[in-house]
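> Pasting a structure here, questions to come.
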Amino acid sequence: MAQRPQSAHSSVSSLSPFSSAISLPQLQNPTGVNSQAPNPPLQTTNPPAHGTGSNAGRHSASTNPSSAPAGTPPSNPPAQSTSAPSGAGPINNVTRTPAPSTTTPVTNTSPSKRNSTRYAQYFDNWWAWEILAGCLGTICLSIIIILLAVFDGKPQPELHWGITLNALIALITTVMKGALLEPLMEGMAQLKWVVLAKESRPLMDFNVYDSASRGGFSALTLMWYMRKRLWREATAFAALFYFLSFGVDTFVQQLIQTDFRDDVVATSNAVTLRYAQRYNSFDQQASNQGSIVPDAPDADMTAAIYTPLYAAKDTDQSDLFSCPESNCTYPITPSLAICGACHDLASKLTKPGDDFYSFPKGPDAGGNVAMNVTSTMEPSRTNSFTDQVALIAAFAYVNWTNTATFVNGQYIDDPPIAGECALFPCVQEYRAEVRRGILNQTVVRQWSKVETRRITNDTSVAIGQWDYHNDICIPTPGMQGPSAGLDFNMSIKAFLGLQKALPPLLNGSTVMGTSGGVDFGVISDTPIIQRIYATSNMTEYIQRIAESMTSSVRRHPAKQAMVDLQNAADPNYSVPNITMPDFPGEALRQLPFTHIEWAWIVLPVITVVFSNGFLIFAMIKTNLTQRNLGIGVWKSSCLPILYHGLDGTALARANIDPALSTSIAYMEHNAGQLRVRLNSAGNDIQLS
Numbered sequence: 001m002a003q004r005p006q007s008a009h010s011s012v013s014s015l016s017p018f019s020s021a022i023s024l025p026q027l028q029n030p031t032g033v034n035s036q037a038p039n040p041p042l043q044t045t046n047p048p049a050h051g052t053g054s055n056a057g058r059h060s061a062s063t064n065p066s067s068a069p070a071g072t073p074p075s076n077p078p079a080q081s082t083s084a085p086s087g088a089g090p091i092n093n094v095t096r097t098p099a100p101s102t103t104t105p106v107t108n109t110s111p112s113k114r115n116s117t118r119y120a121q122y123f124d125n126w127w128a129w130e131i132l133a134g135c136l137g138t139i140c141l142s143i144i145i146i147l148l149a150v151f152d153g154k155p156q157p158e159l160h161w162g163i164t165l166n167a168l169i170a171l172i173t174t175v176m177k178g179a180l181l182e183p184l185m186e187g188m189a190q191l192k193w194v195v196l197a198k199e200s201r202p203l204m205d206f207n208v209y210d211s212a213s214r215g216g217f218s219a220l221t222l223m224w225y226m227r228k229r230l231w232r233e234a235t236a237f238a239a240l241f242y243f244l245s246f247g248v249d250t251f252v253q254q255l256i257q258t259d260f261r262d263d264v265v266a267t268s269n270a271v272t273l274r275y276a277q278r279y280n281s282f283d284q285q286a287s288n289q290g291s292i293v294p295d296a297p298d299a300d301m302t303a304a305i306y307t308p309l310y311a312a313k314d315t316d317q318s319d320l321f322s323c324p325e326s327n328c329t330y331p332i333t334p335s336l337a338i339c340g341a342c343h344d345l346a347s348k349l350t351k352p353g354d355d356f357y358s359f360p361k362g363p364d365a366g367g368n369v370a371m372n373v374t375s376t377m378e379p380s381r382t383n384s385f386t387d388q389v390a391l392i393a394a395f396a397y398v399n400w401t402n403t404a405t406f407v408n409g410q411y412i413d414d415p416p417i418a419g420e421c422a423l424f425p426c427v428q429e430y431r432a433e434v435r436r437g438i439l440n441q442t443v444v445r446q447w448s449k450v451e452t453r454r455i456t457n458d459t460s461v462a463i464g465q466w467d468y469h470n471d472i473c474i475p476t477p478g479m480q481g482p483s484a485g486l487d488f489n490m491s492i493k494a495f496l497g498l499q500k501a502l503p504p505l506l507n508g509s510t511v512m513g514t515s516g517g518v519d520f521g522v523i524s525d526t527p528i529i530q531r532i533y534a535t536s537n538m539t540e541y542i543q544r545i546a547e548s549m550t551s552s553v554r555r556h557p558a559k560q561a562m563v564d565l566q567n568a569a570d571p572n573y574s575v576p577n578i579t580m581p582d583f584p585g586e587a588l589r590q591l592p593f594t595h596i597e598w599a600w601i602v603l604p605v606i607t608v609v610f611s612n613g614f615l616i617f618a619m620i621k622t623n624l625t626q627r628n629l630g631i632g633v634w635k636s637s638c639l640p641i642l643y644h645g646l647d648g649t650a651l652a653r654a655n656i657d658p659a660l661s662t663s664i665a666y667m668e669h670n671a672g673q674l675r676v677r678l679n680s681a682g683n684d685i686q687l688s
């Protein structure tokens, strides 16, 4: 079938996107050929379209005598040109070659091609790609939230091929970000057609919308261009969220924080904490009657007593625990211990003379005696520890500094310091942990009420006097856990050894050395008394002694339990061994844990929601516009402007010469003055 000849209008339309609707009679050549013209005009007529078969051969032969034989289409048709008077315009210097015929017979299409065409209709003429992209972005965001919720508060996972959780989240975020930009950009592109169909707008609006829909800083140009009506333009919000999407990666990365926490690890070595249920260690000697009597504490306890008396706190507790890692934790652990306490007795001081102080059941100080310390083992001879049945040692002190402070124009004597301290057996519960190889213990509970049990029925033993057959027992009512019901006690021999060692160390005085008006400072009876005199915090001082002695008790606990009073008379009775092992603990290792800061999820969620919402908005606006004008889902395609470009009336109305529209600056300048709108033109839609 022969093709219909093309007109001059169709020949011009291939050069300008707006020329398909413009008739330019000035481009016709009324004078014929002028081969010397510097700017030959466009050819305004085309040769008849080539057919097929013999017709094509005849046409070829008639137009080109030197062509191939009839029946063969010419491979290079001759160029034809017409000319116009010189100065017709810059677009007139064009030589066009007539295109060969493209008409081909219609053949049946295979089912697979028909199906692919049908699918292409959904993706090219509808919103299928954008809907899929929006769904993909939503799915990616959901996967990110699920992954973060699963690993929140857990050790950092070890994925395959060395991939970290951060890398996996970053990959999913990249896919999500690319997916959410598709509906955002295509929605902006579609709205430029909707806006032009709704009302007359400057042609420059079309250019700004179209550039912004392609991303980059053109979106910022759109926001600046629409600044006066920013809150009324949906595309301006889309451009804003386009720039906000740049921060999605940063916000998602801020979601994942790393904390180093202790995690229980399995070890081949035991994790234990030593405790003492019974203490029975002492140095002993034989008496004249052959019985064993206590002489003094053993060497370890002696060192534990003297070290804090002379030096700082003993911090070496490495033999109290076993921890194969640098960190370990233990359950609440009870143990037999030595407790220390101090009470301030300054309020009980009396002043018999001008420079003399004393208090009941205690020492006195005054004159040249700066401090006096006396000790006792009898609870009845104390002021504050009468309820402690078993005192290892108690001592009272008065420290008269004989100094004054100048206040309001006069000297006021500084008050003396008086107090009373004691050491006694007790049971303590500890919350213990090892940090970087150092044992840290906190006392959470303490029992110090002592009971004495007598094995002998000898009534000749005076009440209030200690018998070698008595043991010091400390009940622990209310103790919970595996330690409940344990019998904590100290043998009387070990107790008497401590009583023999400590009190002599805590007796003495400090005097002011003066002679003939010359002050020689203070002189103490012993170095220990000198330390007590120089100590500003007596409670801390006595606690150091108690903790050091407790460590010795726990290092050398008794292996045998206390004698059972009910079966002691049985000749076959033997003291049972203490079989309970040291308290078990757990080894800890510092591991990186994943901590999610959920506040950073706000921007990714808002961006995905807005992207999908903006797509729905663009779809609805397009549907409403289709009912009124019939525009299609054109989005960012450039074909609609080629098919439905400006008609000649719009250019004529603005006095715009198409022949001069070859400069971008010229076109942008005129686009700001030219107002256009998509209108119906018969069965067509025209930008006019």
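Heads up: the sequence shown is residues 1 to 688, going by the UniProt record's numbering.
Beta carbons: idealized from backbone N, C-alpha and C, even for Gly.
Model, not experiment: these values are computed from the prediction.
Can you tell which of F424, Q317, T382, G362 has its C-alpha closest to the C-alpha of Y397?
G362
> Just the Cα atoms here: how many angstroms apart are V252 and A133?
20 Å
> By how many angstroms is the C-alpha of M490 removed from the C-alpha of A276?
10 Å
> Does DSSP classify R274 as helix, strand or coil?
coil
> From P308 to C339, what distance separates their C-alpha atoms?
14 Å
> Is the beta carbon of C328 closer than 8 Å to that of E547?
no
> In angstroms, rounded to a whole number, what distance separates the CA positions of K154 and C135?
30 Å
> Would you grab the beta carbon distance between T302 and A311 for me? Rounded to a whole angstrom, and I think it's under 8 Å.
T302 to A311, Cβ: 14 Å. No contact.
> Counting only the same chain and skipping the five closest in sequence on each side, list residues whose C-beta sits under 8 Å from that of L486.
Q277, P334, T476, M479, M580
> For L591, would you say it is in contact with chain C, using Cβ-to-Cβ distances shorter than 8 Å as the test?
Of the protein chains in this structure there is only one, and it is not chain C.
> Roughly how many angstroms separate the alpha carbons of K493 and Q499, rounded to a whole number?
10 Å
> Should I472 be labelled buried (16 or more other beta-carbon atoms within 10 Å of its own) or exposed?
buried
> Flag this pair as touching only if the stretch 413-432 and the stretch 441-448 have three or more C-beta atom pairs under 8 Å; answer yes or no.
Yes, they touch.
> If we require 3 or more residues per run, which beta strand (DSSP E) segments fall completely within the stretch 419-455?
438-447, 451-453
> Please classify V33 as buried or exposed, where buried requires at least 16 neighbouring CB atoms within 10 angstroms.
Its pLDDT being 37, under 50, V33 is placed unreliably by the model, and nothing is read from it.
> In the DSSP assignment, find the alpha helix (DSSP H) that holds V195 and state where it starts and stops.
165-198
> Are the stretch 173-180 and the stretch 237-256 touching, with three or more C-beta to C-beta distances below 8 Å?
In short, these stretches touch, since the Cβ pair count reaches three.
> From P527 to S483, what distance separates their C-alpha atoms?
Computed Cα separation, rounded: 41 Å.
> Report all residues from its chain with a CB closer than 8 Å to the CB of residue 755; omit the five preceding and five following residues, and keep chain order.
Since the first residue of the chain shown is 1 and the last is 688, residue 755 is not available in this structure.
> Below 8 Å, can you find three or more Cβ-Cβ pairs linking the stretch 186-200 to the stretch 254-271?
no
> Assuming T258 and T594 make a contact with CB atoms under 8 Å, what is their CB distance in whole Å?
7 Å
> Looking at the structure shown, is E325 part of a helix, part of a strand, or coil, going by DSSP?
E325: coil per DSSP, three-state reduction.
> Taking the beta strand (DSSP E) that L136 belongs to, which residues open and close that run?
Not the beta strand (DSSP E): L136 falls in the alpha helix (DSSP H), residues 128-151.
> Just how far apart, CA to CA, sit D467 and D263?
In this predicted model, D467 has a pLDDT of only 45, less than 50, meaning its place in the structure is not dependable; the value taken from the coordinates is given anyway. So the two alpha carbons sit approximately 52 Å from each other.
> Which term fits G216, buried or exposed, when burial requires 16 or more other beta carbons within 10 angstroms of its beta carbon?
Per the 10 Å Cβ criterion, exposed.
> Find out if the Cβ-Cβ distance for the pair I606, L255 is shorter than 8 Å.
Going by C-beta atoms, I606 is not nearer than 8 Å to L255.
> With DSSP as the reference, please indicate the residues paired to S548 in a beta bridge.
None, per the DSSP bridge assignment.
> Can you check whether the CB of L678 is closer than 8 Å to the CB of A197?
yes
> Just to confirm my understanding: we take P65, look at its own chain, exclude 5 residues before and 5 after, and list those with CB closer than 8 Å. What are they?
Here the model assigns P65 a pLDDT of 38, short of 50, so the residue's position is not dependable and the matter cannot be decided.
> Can you list, in chain order, the residues of its chain with a C-beta nearer than 8 Å to that of N166? Leave out the 5 residues immediately preceding and following it.
Q253, I256
> Below 8 Å CB to CB, which residues in the same chain sit around D319 once its five sequence neighbours on both sides are set aside?
R274, R555
> Looking only at its chain, what residues have a beta carbon closer than 7 Å to the beta carbon of K635, apart from the 5 residues adjacent to it on each side?
A distance below 7 Å between beta-carbons, with the five flanking residues on each side excluded, links K635 to the following residues of its chain, in chain order: E186, A189, Q190.
> Within the stretch 329-359, note down every full alpha helix (DSSP H) run reaching 4 residues or more, in order along the chain.
none
> Leaving out the 5 sequence neighbours to the left and right, which residues in its chain are closer than 6 Å to H669 when beta-carbon positions are compared?
Closer than 6 Å at Cβ, skipping near neighbours: no residue.
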